[in-house]
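Student:
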Amino acid sequence: MFTAPARTGRRFRPEVQGLRAVAVLLVLVYHLNPALLPGGYVGVDVFFVISGFLITSLLYREAGEHGRVSISGFYVRRVRRLLPAATTVLLTTGVVAFFVLPVTRLADTAWQLVASAAYVENLYLARQAVDYLASDTPPSPVQHFWSLSVEEQFYLVWPLLFVAWSLARRRWRAETRTLVVILGSVLVLSLACSVLLTQREPASAYFLPLTRAWELAVGGLLAVGLAHGSLPERWRPLLGWSGLAAVAVSALAYDDGTPFPGWAAALPVLGSAAVIAAEQSDGRLAASRLLGTAPARWIGDLSYSLYLWHWPLIVFALVLTGRDRLGLLEAVTVAALSVLLAWGTRVWVEDPVRDRNLVRGGRSALTVATAGVVTVAAVGGAVYLQVDREGAVSFDPAVHTGPAALGQAPDTELIYPSPVNAEDDVPTLYDDDCQASRTETDPGDPCVYGPEDADTDVAVVGDSHSAQWVPALEKMAAERGWRIFVYTKSSCAFTDTVVKGPEGGPYTACGEWNHAVVDELDELRPELVFTSSSTASGPVEESSPEQERAEMAEGMSRLWEDVAQVSGEIVALRDTPRARKDVVECVATHIDDPSRCERPVEDAFDDADPQEDAARSLDERVHWIDLSDRFCVDGGCPAVIGNVMVYRDAGHITSTYAELLADDLSARIDRSVRL
Numbered sequence: 001m002f003t004a005p006a007r008t009g010r011r012f013r014p015e016v017q018g019l020r021a022v023a024v025l026l027v028l029v030y031h032l033n034p035a036l037l038p039g040g041y042v043g044v045d046v047f048f049v050i051s052g053f054l055i056t057s058l059l060y061r062e063a064g065e066h067g068r069v070s071i072s073g074f075y076v077r078r079v080r081r082l083l084p085a086a087t088t089v090l091l092t093t094g095v096v097a098f099f100v101l102p103v104t105r106l107a108d109t110a111w112q113l114v115a116s117a118a119y120v121e122n123l124y125l126a127r128q129a130v131d132y133l134a135s136d137t138p139p140s141p142v143q144h145f146w147s148l149s150v151e152e153q154f155y156l157v158w159p160l161l162f163v164a165w166s167l168a169r170r171r172w173r174a175e176t177r178t179l180v181v182i183l184g185s186v187l188v189l190s191l192a193c194s195v196l197l198t199q200r201e202p203a204s205a206y207f208l209p210l211t212r213a214w215e216l217a218v219g220g221l222l223a224v225g226l227a228h229g230s231l232p233e234r235w236r237p238l239l240g241w242s243g244l245a246a247v248a249v250s251a252l253a254y255d256d257g258t259p260f261p262g263w264a265a266a267l268p269v270l271g272s273a274a275v276i277a278a279e280q281s282d283g284r285l286a287a288s289r290l291l292g293t294a295p296a297r298w299i300g301d302l303s304y305s306l307y308l309w310h311w312p313l314i315v316f317a318l319v320l321t322g323r324d325r326l327g328l329l330e331a332v333t334v335a336a337l338s339v340l341l342a343w344g345t346r347v348w349v350e351d352p353v354r355d356r357n358l359v360r361g362g363r364s365a366l367t368v369a370t371a372g373v374v375t376v377a378a379v380g381g382a383v384y385l386q387v388d389r390e391g392a393v394s395f396d397p398a399v400h401t402g403p404a405a406l407g408q409a410p411d412t413e414l415i416y417p418s419p420v421n422a423e424d425d426v427p428t429l430y431d432d433d434c435q436a437s438r439t440e441t442d443p444g445d446p447c448v449y450g451p452e453d454a455d456t457d458v459a460v461v462g463d464s465h466s467a468q469w470v471p472a473l474e475k476m477a478a479e480r481g482w483r484i485f486v487y488t489k490s491s492c493a494f495t496d497t498v499v500k501g502p503e504g505g506p507y508t509a510c511g512e513w514n515h516a517v518v519d520e521l522d523e524l525r526p527e528l529v530f531t532s533s534s535t536a537s538g539p540v541e542e543s544s545p546e547q548e549r550a551e552m553a554e555g556m557s558r559l560w561e562d563v564a565q566v567s568g569e570i571v572a573l574r575d576t577p578r579a580r581k582d583v584v585e586c587v588a589t590h591i592d593d594p595s596r597c598e599r600p601v602e603d604a605f606d607d608a609d610p611q612e613d614a615a616r617s618l619d620e621r622v623h624w625i626d627l628s629d630r631f632c633v634d635g636g637c638p639a640v641i642g643n644v645m646v647y648r649d650a651g652h653i654t655s656t657y658a659e660l661l662a663d664d665l666s667a668r669i670d671r672s673v674r675l
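2 is the number that the UniProt record's numbering gives to position 2 of the sequence shown; each next residue is one higher, with no gaps.
Shown next, in the form of C-alpha cells:
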C-alpha cells in the first residue's frame, strides 16, 4: 500500500512569493544598473530553487495522494501557466524589434525568437558563447528566455523520476529514501558537471541544463524533506535571515568576473533553500514576516511577467537612446513600464487563461504550444526577411575598390558587404575549421592552401588578427606560387609571455600552442613566417601600460628569435586600427552618411603595438610592416572605404577589405624581404 507523505495538503506559502519578489528585483536592478548589484544575476538561481521546490512539492503530493503521476496533467499545467505570457511577450518583442532594432541585429533576434519559443534559447546562447566569431554579438531582446529554457528542459526529466518511483512503490514497496537517493544523485552529478565545466568552458557552462539542474534539485529535495516535517520553531528566524543574507552577499560580492555557476552558485542556492526551509515563523522578527507582506507578495505574483518584460524594454531603451547604460530617468521609466506591463499581462492574459480553464487536456495543451511556436516563428521569419532585403548588394571590382579610393566619399547605395552581412565576411579558414579554438594545444595538422609543388612555404602564426590577413596572403600565393600553412589560434598572440585568457586567468593553452608551433616550424622550415596580433592581448599580471607592453614585446622577441633560427624571413604586421564598438550597427543606422562612424586616429590606435618593439629589438631578422595609412586619412579611420565595409566588428577587418589590400601588402613585403 502506498503511504502518503506526512503533509500532502495544499498550502499557500506567502514567504515563497516574497522570495520570488527578491529574485526578480535582484535581476531587474542588475540589468538596469550592474554597478548597484554586480552579482544581481543570482536572482535567477533563486528562481531555480523556488521552481524546483514548488514543482517537486506538486509531484510528490500527487504521487502521495494518487499513487501515480500524470505526465499529461503535469504538462497541461505548465502550458497553462507559462505559455500565455511568454507567447505574448515574444510576439510583442518581435514586432517592436522589427521597427526599433538596427537591421544588423534582426537576423540573430529572429533566430532567438524561435529558440525562445521552443525553449532551447539556452542551447543557442551556449553555442554562441563558444563561437569566437559571435562572441561580440549584441544582446538580443529575448536572451533572458535562457533561464526558462533551462527549467523546461529540467521538467522533461524530473517528472519521469517520480513516475518511475511511483511505479516502484506500487510494485516493490520502494520507500521515500529511494526517491531521495535518485534526486540526490541528480544533484551530485549536476553539481560536479557545473564545477568542471565552469572551469573549462565558463562561457557555455552558464547556460547549460547539466550545470544548472542541481540548483532545481536542491529545491526538490527540500520539498520532499518539508513534506515530512518542519524545522523546530527556534531555528527558523535565524535560518531565514541567514538565507536572505547569503543571497544578498552573493548579489553584492559577485560580479561578471566571478566563475559561475560552479561552486560560487552554492551561496545563493543554499541561501534560498534556507529561506524556504525556515517557512513561516511566529516570531515578530522572522524573515518570513517581511517576505509575507502584501507588497512583497504582490511583486511575487507579478514576478514571472515582470521577468519576461523587463529585458526587452531595457534593450529597446538602449537602442533608442543610443547609450551603453541607462540614465536614472530612463532606468526608472523602464522599471515602471515593466511593472505596468507585468500587471496588465497578469490581469488580461495569465488570469483569464487559468481561471477559464482554456487549456484542459493533453491535446489542447499540445495545440496551444504548437500554435505559440508557429506564430512566433512566423514573426521571426518576417523579421528575417527584412535582413535578406538589406543584404542584396553584390561585389563589383569596378565599384568596390576599397583602399584605392581612400579619402573619397563612398556611394552609400553600393556598400559591400552590406552591414547585415559584414560579420559573416570572414576568411574561408573559419569554414575550413582552421582557426584553433581556445582549448587546443596541438597544431600538428594545419590547414594548407596552395599547390603541393610550391617553391615557397609561408607560415601564418598568431591570433585572429593574423588570420584576418589570410585572404590577402592567399591572393599573393596564387600570383607567386606560394603554399600557406595556417597556425592561428583564437585570442593567442604569438609570444612567450603568459597572456591573460578570455576569462581573465592565465591562458596556458596559448603558451603550449605557441611552443608547439615553433616545433612545427622547425620541421617545416618555411621561407617566410607571417605574424600579427591584437594589441588588446596583455600579460596575465597587470601593471602599467608601458610595463605590459614591454613584457609582451620581450616574450615576442624570445619566441621570434627561436623562429628565426629555423625559418627564412619573418614579417610582423602592425595591428589594424580598432573601430568603435558598434561600428557595423553604426553604418547600418547611418547608411546615408557612414562618415559619422569614423574613428579618430588617436582612438583607433589607442594601444601601442608591442610587436614593433619586438621587431626592432631583433634588427634585420624581423621585418616590420605598417599598413595603417591604408586605413586612416586626415586624422580619421573611416568605417567604409571605396564602397567597402572595412570592419566586420570592432577589432577585425572584413575579408573583402583584406583581400583588396593584397597589392599594398605585397609591395611592402617586397621592399623588405627577398624571396
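For glycine and all other residues, C-beta sits at the position ideal for the given N, C-alpha and C.
Keep in mind that this is a model prediction, so the values were computed, not measured.
Mind checking Thr345: buried by the 16 CB within 10 Å criterion, or exposed?
Tutor: Burial call: buried.
Student: Could you say if the region 451-459 and the region 417-427 meet the contact criterion of at least three C-beta pairs nearer than 8 Å?
Tutor: Touching, no.
Student: Take Met476 and list the residues in its own chain whose beta-carbon comes closer than 6 Å to its own, dropping the five residues that flank it on each side.
Tutor: Hits under 6 Å: Ala662 and Ser666.
Student: According to DSSP, simplified to helix, strand and coil, what is Ile669?
Tutor: Residue state, collapsed to three classes: helix.
Student: For Arg648, tell me which candidate among Val499, Ala335, Glu512 and Pro417 has the shortest Cα-Cα distance.
Tutor: Checked all of Val499, Ala335, Glu512 and Pro417; the closest Cα to Arg648 is Pro417.
Student: When the Cα atoms are used, what is the spatial distance from Thr211 to Arg77?
Tutor: About 26 Å.
Student: Please state whether the Cβ-Cβ distance between Met552 and Pro539 is less than 8 Å.
Tutor: Yes, these two residues count as a Cβ contact at 8 Å.
Student: Taking the runs of the beta strand (DSSP E) that are 3 residues or longer, which of them lie wholly in the region 598-629?
Tutor: Runs of the beta strand (DSSP E) inside the region 598-629: 622-625.
Student: Would DSSP call Thr87 helix, strand or coil?
Tutor: In this structure, Thr87 counts as helix in the three-state DSSP scheme.
Student: Kindly indicate which residue of Gly52, Leu113 and Ser672 has the alpha-carbon position closest to the one of Ile570.
Tutor: The shortest C-alpha separation from Ile570 is found at Ser672.
Student: List the endpoints of the continuous alpha helix (DSSP H) containing Tyr307.
Tutor: Counting along the chain, the alpha helix (DSSP H) containing Tyr307 begins and ends at Ala294 to Thr321.
Student: Suppose you measure from the CA of Cys193 to the CA of Glu121; what does that come to, to the nearest Å?
Tutor: When rounded, the distance between both Cα atoms is 20 Å.
Student: Could I get the ranges of all uninterrupted beta strand (DSSP E) runs contained in the region 488-571, with 3 residues as the minimum, in chain order?
Tutor: You should have 528-532.
Student: With distances taken from CA atoms, which of Lys581, Gly73 and Cys637 is nearest Phe605?
Tutor: Ranking the options by Cα distance to Phe605, first place goes to Cys637.
Student: Taking the C-alpha atoms as reference points, what is the distance between Phe47 and Ile299?
Tutor: Distance between the alpha carbons of Phe47 and Ile299 is about 14 Å.
Student: Here's the rule: buried if 16 or more other CB atoms are within 10 angstroms of the residue's CB, otherwise exposed. What is Gln17?
Tutor: Result: buried.
Student: I'd like to check one pair, Pro506 with Val517: are the Cβ atoms closer than 8 Å?
Tutor: No, Cβ-Cβ distance for Val517 and Pro506 is not below 8 Å.
Student: Would you check if the distance between the CB atom of Leu524 and the CB atom of Val458 is smaller than 8 Å?
Tutor: Against a cut-off of 8 Å, the Cβ pair of Val458 and Leu524 comes out as no contact.
Student: Can you tell me which of Asp45, Leu82 and Tyr75 puts its alpha carbon nearest to the alpha carbon of Ala266?
Tutor: If we check each option's Cα against that of Ala266, Asp45 comes out closest.
Student: Let me check understanding here. Comparing Cα to Cα, which of Val587, Ile641, Pro209 and Ser288 lies closest to Gln408?
Tutor: Out of Val587, Ile641, Pro209 and Ser288, Ile641 has the C-alpha closest to the C-alpha of Gln408.
Student: Mind checking which residues open and close the beta strand (DSSP E) that includes Thr333?
Tutor: Premise fails: Thr333 lies in the alpha helix (DSSP H), Leu328 to Thr345, not in any beta strand (DSSP E).
Student: Would you verify that the beta carbon of Leu167 is, or is not, closer than 8 Å to some beta carbon of chain D?
Tutor: Reference to chain D is not applicable here, since this structure consists of a single protein chain.
Student: Taking all protein chains shown into account, do 16 or more other C-beta atoms lie within 10 angstroms of the C-beta of Ile71, making it buried, or fewer, making it exposed?
Tutor: The residue in question, Ile71, is exposed, as its Cβ has fewer than 16 Cβ neighbours within 10 Å.
Student: Would you be able to state if there are at least three C-beta pairs under 8 Å between the region 293-311 and the region 260-279?
Tutor: The region 260-279, when compared against the region 293-311, does not touch it at the 8 Å Cβ threshold.
Student: In this structure, what does DSSP give as the bridge partners for Cys447?
Tutor: Per DSSP, Val486.
Student: In the DSSP assignment, the alpha helix (DSSP H) including Val269 goes from what residue to what residue?
Tutor: Ala266 to Ala278 is the span of the alpha helix (DSSP H), which, as asked, contains Val269.
Student: Quick test of the definition: if touching needs 3 or more C-beta pairs under 8 Å, does the region 147-155 touch the region 239-251?
Tutor: No, because fewer than three Cβ pairs between the region 147-155 and the region 239-251 fall closer than 8 Å, the two stretches do not touch.
Student: By Cβ distance, which residues of its chain are closer than 8 Å to Asp664, with the 5 residues on each side in sequence left out?
Tutor: Hits under 8 Å: Pro403, Leu627 and Arg630.
Student: When you compare the CB positions of Trp560 and Leu473, do they come within less than 8 Å of one another, or not?
Tutor: Not in contact: Trp560 and Leu473 (Cβ atoms no closer than 8 Å).
Student: Under 8 Å, with one C-beta from each stretch per pair, do the region 29-37 and the region 284-291 reach the 3-pair mark?
Tutor: As far as the Cβ criterion goes, the region 29-37 does not touch the region 284-291, which means the pair count is below three.
Student: Tell me which residue opens and which closes the alpha helix (DSSP H) that Val24 is part of.
Tutor: Pro14 to Leu32 is the span of the alpha helix (DSSP H), which, as asked, contains Val24.
Student: For a test of the three-state rule: what should DSSP assign to Thr211, helix, strand or coil?
Tutor: Thr211: helix per DSSP, three-state reduction.
Student: Note down the Cα distance separating Glu585 from Phe494, rounded to an integer number of angstroms.
Tutor: Each residue's Cα considered, the two are about 31 Å apart.
Student: With Thr456 as the anchor, note down where its beta strand (DSSP E) starts and where it stops.
Tutor: From DSSP, the beta strand (DSSP E) with Thr456 extends over Thr456 to Gly462.
Student: Do three or more CB pairs link the region 330-350 to the region 47-58 at distances below 8 Å?
Tutor: As far as the Cβ criterion goes, the region 330-350 does not touch the region 47-58, which means the pair count is below three.
Student: How big is the Cα-Cα spacing for Gly635 and Cys597?
Tutor: Roughly 14 Å separates the two Cα atoms.
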